[in-house]
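So the structure is just underneath, and the comments pick up after that.
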Amino acid sequence: MKTFVVIPVLNEGERLPVVIDEVKKFIQDIIIIDDGSNEKNASRIAQLKNRVIVLRHRINLGKGAAMRTGVEAAIAHGAEAIILMDGDGQHHASDIPKLLDKLTGDNIDIVFGSRTIGKDMPLVMMLGNKFLSLCSSFLFGLYISDTQSGFRAFRTRAYPALRWDSPRYAVETEMIANAAKKKLRTGEVQVQTIYHDDYKGTTVIDGIRIFTSMLRWKFL
Numbered sequence: 036m037k038t039f040v041v042i043p044v045l046n047e048g049e050r051l052p053v054v055i056d057e058v059k060k061f062i063q064d065i066i067i068i069d070d071g072s073n074e075k076n077a078s079r080i081a082q083l084k085n086r087v088i089v090l091r092h093r094i095n096l097g098k099g100a101a102m103r104t105g106v107e108a109a110i111a112h113g114a115e116a117i118i119l120m121d122g123d124g125q126h127h128a129s130d131i132p133k134l135l136d137k138l139t140g141d142n143i144d145i146v147f148g149s150r151t152i153g154k155d156m157p158l159v160m161m162l163g164n165k166f167l168s169l170c171s172s173f174l175f176g177l178y179i180s181d182t183q184s185g186f187r188a189f190r191t192r193a194y195p196a197l198r199w200d201s202p203r204y205a206v207e208t209e210m211i212a213n214a215a216k217k218k219l220r221t222g223e224v225q226v227q228t229i230y231h232d233d234y235k236g237t238t239v240i241d242g243i244r245i246f247t248s249m250l251r252w253k254f255l
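Heads up, my numbering is the position in the sequence shown plus 35, with the first residue counted as 1.
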């Protein structure tokens, strides 16, 4: 399958070249979405245009919006499969074959890359993630052990069913809810993660917002 890697970024101009080097060991087609980075980082990211496709939101619209821009651009370029990953270096590109093997080998629609819960994961994140996993199972009948991992792969034919409205961090959970409601074939593989000192993941407030969104997706 023709596969694209879509990477939404915000002020990751320093780490991004290394991420691209690692990804290109496995996939050549990469789309970067600069979601309103500051001037210094935007300039660094723009310099990567000779190596990857770079799209830019002039203002920050949120991770979910950036992912949507990148995915729809990849589809326009003929992608048959899309891998989503973060641009801060926390995901290991060496796990890309594992995601694709699961996607193609089991002939499924979407594969979720799940981090090892509890191993090096910040405590608040671990507890919040487990809570959202249980809520997803209860509300939608689909248990994914790591609802907030941004490392996942799906076939583009599944995008109309997966397509999300969440502009920000609820996007990962909304994809799970949509996959369950549309009865897509799902899979899950374990992936490695590096937590940087300045890790910028979901907060407790984000978790509360995601939970209220889950109730809305279920009952409204």
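For glycine and all other residues, C-beta sits at the position ideal for the given N, C-alpha and C.
Since we're looking at a predicted model, the values are computed, not measured.
Item, Value
"Would you give the residue range spanned by the beta strand (DSSP E) that isoleucine 68 belongs to?", "64-70"
"Ordered along the chain, which non-local residues of its own chain (more than five positions away) have a Cβ less than 8 Å from that of glycine 122?", "Ile42, Pro43, Val44, Glu47, Arg50, Leu51, Val54, Ile67"
"Would you mind giving the Cβ-Cβ distance between glycine 97 and arginine 203, rounded to the nearest angstrom? I have them listed as a contact below 8 Å.", "4 Å"
"Determine the contact status of isoleucine 256 and isoleucine 243, defining contact as a CB-CB distance below 8 Å.", "The structure shown does not extend to residue 256, since the chain is modelled only from 36 through 255, so no value can be given for it."
"Between phenylalanine 39 and histidine 112, is the Cβ-Cβ spacing less than 8 Å?", "yes"
"Who are the near neighbours of valine 106 in its chain, counting only those whose CB is closer than 7 Å to its CB and skipping five residues on each side?", "Val41, Ile117, Tyr194"
"Considering only the beta carbon of each residue, do glycine 140 and valine 206 sit closer than 8 Å?", "no"
"Alpha carbons only, please: which of Val58, Phe246, Arg251 is nearest the one belonging to serine 168?", "Phe246"
"Once DSSP output is grouped into helix, strand and coil, what is the label at valine 41?", "strand"
"Alpha carbon to alpha carbon, how far is threonine 104 from isoleucine 143? Give it in angstroms, no decimals.", "24 Å"
"On the criterion of 16 or more Cβ atoms from any shown chain inside 10 Å, does glycine 163 qualify as buried, or is it exposed?", "buried"
"In chain order, what residues of the same chain lie with their CB nearer than 6 Å to the CB of methionine 36, ignoring the 5 residues before and after it?", "Glu115, Ala116"
"Here's the rule I'm using: 16 or more other beta-carbon atoms within 10 Å means buried, otherwise exposed. How should valine 239 be labelled?", "exposed"
"Given a threshold of 16 other Cβ atoms within 10 Å of its Cβ, counted over all protein chains shown, does threonine 228 qualify as buried or as exposed?", "buried"
"Please report the residue range of the alpha helix (DSSP H) in which leucine 138 lies.", "131-140"
"Drop a sphere of 10 angstroms on the beta-carbon of serine 129, count the other beta-carbons inside from all chains shown, and report buried for 16 or more, exposed for fewer.", "exposed"
"Determine the burial state of serine 78: buried for a count of at least 16 other Cβ atoms within 10 Å of its Cβ, exposed for fewer.", "exposed"
"Using CA atoms only, rank isn't needed, just tell me which of Pro157, Asn213, Ser184 is closest to leucine 174.", "Asn213"
"In this structure, what does DSSP give as the bridge partners for alanine 189?", "In the sequence as displayed, the identity of residue 189 is phenylalanine instead of alanine. DSSP output for phenylalanine 189 lists Ile117, Ile145 as bridge partner(s)."
"Helix, strand or coil for leucine 96? Go by DSSP, reduced to three states.", "coil"
"With H, G and I counted as helix, E and B as strand and the rest as coil, what does DSSP make of isoleucine 229?", "coil"
"Can you give me the Cβ contacts of tryptophan 252 inside the same chain, cut-off strictly under 6 Å, excluding the 5 residues immediately before and after it?", "Ala212"
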